[in-house]
Amino acid sequence: MMNPKTLLMPLSSSGQVKERLQGALAIAQYFEAHLDVMHAQVSPRRFFPDDRISLAVPAELLHQLEALATKSTEHESVAMRSMFAELCKSASVELISAGRVDGPSATWLDVTGLRSEMVAERGKVSDMLVIPQPRSGVPTSTFESALMRSGKPVMLMPREQTCFRAERVAIAWNGSTEVSRAVSAALPILKRAQEVHVLTERDARAFKPDVQDLLVYLERHDIDAVHKTFDSRHKSAGEAIIDTLHDEGYDLLVMGAYTHRRVHEQVFGGVTSYVVGHARIPVLMMH
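Okay, structure coming up:
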């Protein structure tokens with residue numbers, strides 16, 4: 001597996017903007033990759049009713065409201081774009097509008113549309129998506145869209161983390177297709193790590209391929225991994241994984257993202273939801 005060449009990060013103004021940009025730039029530096037920062041704006045028209053007569057709202061007032069909303073959105077975008085340019089300069093990441101350069105680079109993209117839809121669309125022509133941990137701790141529509149519709153790995157970043165290192169990496173293994181994809185996506189990181197540990201539940205049922213199969217696979221990629229177990233007898237699996245990560249000082253978790261299907265909706269499984277809400281380190285995930 002080659003290093004990712006194009007990273008995509010959707011950006012909103014919902015807090016920790018500077019920190020989130022610094023974290024994404026740190027990942028671009030780690031891979032010497034290009035980072036697209038996508039600032040998606042929804043047209044104010046989307047929020048205005050078509051049936052003006054029923055609401056007795058004068059057309060002129062609607063035009064004024066639209067103009068005010070557009071001006072506010074443009075002002076916000078200019079401020080964040082200026083901040084991004086300064087951060088790129090400080091991080092020695094070249095800010096470009098098109099093409100490619102040697103070394104890490106970045107582009108600011110102003111796009112119009114729903115963020116979740118734009119993430120699904122542009123994610124298909126990216127190698128990895130950098131998604132901030134949701135403020136509420138609950139998976140957002142943007143996170144779900146990145147994971148379920150882009151077809152690419154997602155790096156879930158704590159909102160206030162401004163650096164990226166992956167010297168000590170954990171793989172949460174259960175033999176599933178999802179975690180297998182995550183491990184393949186993580187190979188460039190695993191090759192550079194100083195320690196790679198494969199974590200399984202101590203009393204987990206047997207699964208195939210088992211841990212030894214994974215260790216052989218990693219060894220053939222020149223990755224010397226070690227098997228470790230965690231105890232989830234008195235807590236949920238998600239809680240046990242998070243406690244192990246933080247107690248053992250890991251830099252990164254690699255895991256599959258699991259779902260429970262219901263009629264007309266997609267609901268994330270318990271382990272995935274818990275990790276999304278409680279991880280204090282980056283998590284590389286794939287569905």
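Heads up: the sequence shown begins at 1 in full-length UniProt numbering, then just goes up one per residue. Backbone N, C-alpha and C define an ideal beta-carbon position, used for all residues, glycine too.
Original post:
Whose C-alpha, out of Glu117, Glu86, Glu60, is nearest the C-alpha of Met38?
Top reply: Selected option, being the one with the closest Cα: Glu117.
Original post:
Taking DSSP as the reference, what is the three-state secondary structure of Phe31?
Top reply: Reduced to three states, the DSSP call for Phe31 is helix.
Original post:
Looking at C-alpha atoms only, which residue of Lys228, Arg115, Arg280, Asp243 is the closest neighbour of Asp251?
Top reply: Of Lys228, Arg115, Arg280, Asp243, the residue nearest in Cα terms is Arg280.
Subject >> Given Arg115 as reference, the closest of Thr244, Val196, Ser97, Ser145 once Cα atoms are compared >> reply: Closest by alpha carbon: Ser145.
Original post:
What is the C-beta distance between Val130 and Ile27, in whole angstroms, given that I count them as a contact (C-beta under 8 Å)?
Top reply: Right, their Cβ atoms sit about 6 Å apart.
Original post:
Are at least three pairs of beta-carbons, each pair with one atom in the stretch 216-235 and one in the stretch 193-203, less than 8 Å apart?
Top reply: Cβ pair count under 8 Å is three or more, so yes.
Original post:
For Lys208, is the classification buried or exposed, using 16 other Cβ atoms within 10 angstroms of its Cβ as the cut-off for buried?
Top reply: Under this definition Lys208 is an exposed residue.
Subject >> Delimiting residues of the alpha helix (DSSP H) encompassing Ala191 >> reply: In the sequence as presented, Ala is not what sits at residue 191; that position holds Lys. Lys191: member of the alpha helix (DSSP H) spanning 177-192, first to last residue.
Subject >> Same chain, Cβ closer than 7 Å to His246, five either side skipped, listed in chain order >> reply: Answer for His246: Arg280, listed in chain order.
Original post:
Roughly how many angstroms separate the alpha carbons of Val78 and Asp110, rounded to a whole number?
Top reply: If you take the alpha carbons of Val78 and Asp110, they lie about 10 Å apart.
Original post:
When the Cα atoms are used, what is the spatial distance from residue 341 to Met157?
Top reply: Residue 341 is absent from the structure shown; the chain starts at 1 and stops at 287.
**OP:** Report the rounded CA-to-CA distance for Arg52 versus Pro139, giving the unit in angstroms.
**Re:** Low per-residue confidence applies at Arg52: pLDDT is 47, beneath 50, and the placement is therefore not dependable enough to give any value.
Original post:
How far does the beta strand (DSSP E) with Leu284 in it reach, from first residue to last?
Top reply: Per DSSP, Leu284 belongs to the beta strand (DSSP E) from 283-286.
**OP:** Identify whether Ile171 lies in helix, strand or coil by the three-state DSSP scheme.
**Re:** In the displayed model, Ile171 falls within a strand according to three-state DSSP.
**OP:** Can you have a look at Arg220 and say buried or exposed, based on whether 16 or more other CB atoms are within 10 angstroms of its CB?
**Re:** Counting every other CB atom within 10 Å of its CB across the protein chains shown gives Arg220 a total below 16, marking it as exposed.
**OP:** From the DSSP output, in three-state form, read off Asp110 for me.
**Re:** Three-state result, Asp110: strand.
Subject >> Per DSSP, cross-strand counterpart(s) of Phe230 >> reply: Paired residues: Glu201.
Subject >> Rounded C-alpha distance that separates Val211 from Arg205 >> reply: CA-to-CA, the gap between Val211 and Arg205 works out to about 12 Å.
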